[in-house]
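First comes the structure, then the notes that go with it.
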Amino acid sequence: MTATEPGRTARAGEPGTGFVPGFTPRRVPELVTELLTDEAGFAALAPAWERLYGRCAAATPFQSHAWLHSWWLSYGRPGRLRLLLVRSGGELLAAAPLMLVRRPLPVLVPLGGPISDYADILLDDADDGPAVRALTTALARAARTALVDFREVRPGAAVERIHGCWSGPRRAVPDSLCLELPAVSMDGLVARLPSNKAQQRVRAKLRKLDSLGVERRAVGPEEVAGALDRLLELHRLQWQGRRVTTEHLQPRFRTHLVRAVGPMVRSGSAVVTEFRIAGEVLAVDLTLLSRGLAGGYLYGAHPDLRAHKADVAVMLLDACTDQVTGRGALSLLRGDEPYKRHWRPEPVTNRRLLLARRPTAPLLTAALCETAARQRGKEVLRWWREHRRC
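Going by the numbering used here, the letters in the sequence shown line up with residues 58 to 447, in that order.
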């Protein structure tokens with residue numbers, strides 16, 4: 058089901074158009090906004106969506122059609138899809154992939170959920186304002202009875218332009234911390250380490266990987282399903298007996314990953330790498346790619362690699378640096394794990410952008426209060442655990 062609303066193009070000769078007698082202006086196609094709510098329509102958008110994705114420099118792999126549509130098939134709920142689209146002459150100029158959540162508050166949230174490290178809209182780089190205004194108007198109309206809540210917005214994201222011209226109540230608060238490295242070779246990363254001793258340690262670890270005969274190979278699109286099955290099994294083994302992100306072990310996550318990553322490998326938005334010793338696959342890595350970044354998303358490594366005294370983090374990072382040429386950053390994605398800090402990354406904090414209309418301003422206040430209460434609860438629990446050990 059779609060709802061359309063054509064925009065309006067001024068005619069030559071109207072006041073303020075700068076009409077010059079004898080000059081025929083080039084007709085600019087009218088902007089048309091759509092609200093798309095059916096799954097079949099979302100699937101059919103793939104070619105136009107991917108063209109727009111290619112014209113949006115701020116886009117991350119989590120805004121690709123393959124990722125979002127697959128996520129919807131695994132995690133979406135019937136009747137909740139809300140895709141806001143802006144077209145000109147049939148071509149997409151802007152898209153906001155959203156879904157409606159009713160509890161605990163009525164909220165419009167981006168597709169992708171917690172398994173996506175960044176959320177955003179898509180906006181044509183060539184747009185100088187009309188598409189932004191059209192999408193903002195459509196979003197305000199869709200938000201008459203719901204709060205708009207964009208979590209995990211990377212600095213420089215396209216949705217920041219919507220937030221900047223929003224006329225109603227709005228807030229921007231810090232969200233998750235991400236760590237980023239410059240898009241340089243492995244030698245460049247080693248050179249950034251603070252001492253000769255630290256650099257020598259990493260080079261020794263690289264030599265150790267060579268001496269073990271570690272071979273790496275990027276798999277083709279037709280091999281993705283099998284490689285990801287091995288990745289998830291190795292991921293389960295490496296976390297056995299420890300706390301693990303339970304969603305990574307769920308069948309729906311496996312289905313989403315296989316369905317999304319195959320097309321992403323084919324389009325160059327993902328690389329799946331197998332690491333072998335003596336012909337046996339002992340690790341598999343999934344790296345996601347966009348114009349602005351390369352990011353290691355998920356890996357699985359057999360515990361035997363530790364027995365071989367192989368440094369898995371160095372091995373994965375060495376492979377990831379092969380993908381950074383021409384990209385803005387090597388993202389370590391969300392999380393502040395100690396092994397990431399070893400490389401002296403730049404801390405980059407995502408933001409949470411909240412948009413409301415005046416009648417829905419209380420929803421914005423309620424969302425902020427709920428978040429503050431949850432954070433306070435985490436701090437109390439952390440305090441209790443630390444003092445229980447004493």
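Idealized CB from N, CA, C, for every residue including glycine.
| Asked | Found |
| --- | --- |
| Kindly indicate the opening and closing residues of the alpha helix (DSSP H) around Arg274. | No alpha helix (DSSP H) contains Arg274, which is instead part of the beta strand (DSSP E) from Glu272 to Ala275. |
| Nearest to Gly186 by alpha carbon, out of Ala215, Ile172 and Pro278? | Ala215 |
| Tell me which residue opens and which closes the alpha helix (DSSP H) that Thr312 is part of. | Pro308 to Ser324 |
| May I ask you to verify whether the segment 233-251 touches the segment 293-313, counting CB pairs closer than 8 Å and requiring at least 3? | no |
| Contact check, Pro167 vs Leu421 under 8 Å by CB: the rounded distance? | 17 Å between Cβ atoms; not a contact. |
| Return helix, strand or coil for Tyr110, following the three-state DSSP convention. | helix |
| Give the straight-line distance between the Cα atoms of Leu150 and Leu141, rounded to the nearest whole angstrom. | 11 Å |
| Can you confirm whether the segment 130-148 touches the segment 207-222 when touching is taken to mean that 3 or more C-beta pairs between the two stretches lie within less than 8 Å? | no |
| Among residues of its own chain, excluding the 5 on either side of Leu50, which ones have a beta-carbon nearer than 6 Å to its beta-carbon? | Residue 50 lies beyond the stretch modelled for the chain, which goes from 58 to 447, so this question has no answer here. |
| Relative to the C-alpha of Asp182, which residue among Ala152, Ala317 and Cys235 is closest? | Ala152 |
| Decide if Val230 is buried, meaning its Cβ has at least 16 other Cβ atoms within 10 Å, or exposed. | exposed |
| Bridge partners for Pro404 per DSSP, in chain order? | Leu236 |
| Output the boundary residues of the beta strand (DSSP E) element that contains Val164. | Val164 to Pro167 |
| Starting from the Cα of Leu289, find the closest Cα among Leu179, Leu269, Lys254 and Leu343 and give me that residue. | Leu343 |
| Based on the DSSP secondary-structure assignment, which residues constitute the bridge partners of Asp342? | Thr330 and Tyr356 |
| Using C-beta distances below 6 Å, list every residue in its chain close to Ala317, excluding the 5 sequence neighbours before and after it, in chain order. | Ala123, Trp124 and Ser127 |
| Between the Cα of Tyr396 and those of Val259, Arg333, Val328 and Arg218, spot the shortest distance and give me the residue it belongs to. | Val259 |
| Report the partner residues of Pro226 according to the DSSP bridge assignment. | Partner(s): none; Pro226 has no beta bridge. |
| Please report the straight-line C-alpha distance between Gly325 and Gln380, rounded to a whole angstrom. | 10 Å |
| Assuming Arg348 and Arg384 are in contact, meaning their beta carbons sit under 8 Å apart, how far apart are those beta carbons, in whole angstroms? | 7 Å |
| From Trp400 to Asp361, what does the alpha carbon distance come to, in whole angstroms? | 25 Å |
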